[in-house]
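Mapped onto our numbering, the consecutive letters of the sequence shown carry residue numbers 1354 to 1544.
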Amino acid sequence: MDSSLVDLPALTHRIITGLPAAAAIAGGAIVLRVALTRGLALLADRTSLRHESVMPFSKAMSALITVAAIVLMLGVFGFNLGGLWAMLATVLGMIAIGFVAVWSVLSNMLCTVILLIFRPFAIGDEVEFAAEPVRGQVVNLNFVFTTLRTEDGALLQIPNNLFFQKVIKRRPGSGTISLAQQLGRVQPADA
């Protein structure tokens, strides 16, 4: 018999012997998806989260469970998936590293937008973190840092997300500059 033809009896045997394991994998995936969906719904009910807020996470996890189940079932039926697992692990690792690297910057940018909207302090105000030796006059606010000038003239750059993690004390300064004034301010040209 030609080697390019499929060995039908061996293939049939592999499928029949793999069906119970494949059914167990499919059943486990369904149970896991239902448990995850109900768990997230319960979390939303018991906290201030809305169901619409947890839905994207639920859908992403369900898709991941489905893909993992399909890959496991293909392995049960004899497909060599070693290279696929290595590639999948590498891609997921790169995504995780990228997310962690970008998370801090995105957090600071979002906090800057919130600081600009709610204005807990303005340029010229004196800000102090309660229970910490960080104190100074706000001299600049950009998308990542708020710059404070200390009493001895040193400049401290505080990441903007710290203003949401710590209690701050604010003393309005005499030279407080509003956001509108700061945006309309013309920078002096170098002469």
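Don't be surprised by glycine CBs; every beta carbon is placed ideally from N, CA and C. Just so it is clear, the structure is predicted and the values come from calculations on it, not from any experiment.
Spatial neighbours of Gly1431 in its own chain (CB-CB distance under 8 angstroms, excluding positions within 5 residues in sequence) are listed in chain order as Arg1367, Gly1371. Runs of the alpha helix (DSSP H) spanning 4 or more residues and lying entirely within the region 1442 to 1503 do not occur at all.
Following the DSSP letters along the chain, one finds Pro1362 inside the alpha helix (DSSP H) bounded by residues 1361 to 1399.
In this structure, the beta-carbon distance from Thr1503 to Val1492 does not fall below 8 angstroms.
Here Leu1402 is exposed. Its C-beta has fewer than 16 other C-beta atoms within 10 Å. Residues Ala1375, Ile1378 of the same chain have their beta carbon placed closer than 6 angstroms to that of Met1426, with the five preceding and five following residues left out of the count.
By the C-beta density criterion, Asp1478 is buried, having at least 16 other C-beta atoms within 10 angstroms.
With a 10 Å radius around the Cβ and a threshold of 16 neighbouring Cβ atoms, Val1466 comes out exposed.
Between the region 1480 to 1489 and the region 1439 to 1450, the count of C-beta pairs closer than 8 angstroms stays below three; the two stretches do not touch. Excluding sequence positions up to five before and after Ser1411, its CB lies within less than 7 angstroms of the CB of Leu1389, Thr1390, Leu1393, all in the same chain and listed in chain order. By the beta-carbon neighbour count (other beta carbons within 10 angstroms, threshold 16), Val1480 is buried. Put simply, of Leu1508, Leu1385, Leu1494 the residue whose alpha carbon is nearest the alpha carbon of Ile1418 is Leu1385. For Pro1409, there is no enclosing beta strand (DSSP E); the residue is part of the alpha helix (DSSP H) that begins and ends at 1404 to 1429. Taking all protein chains shown into account, Ile1476 has 16 or more neighbouring C-beta atoms within 10 Å of its C-beta and is therefore buried.
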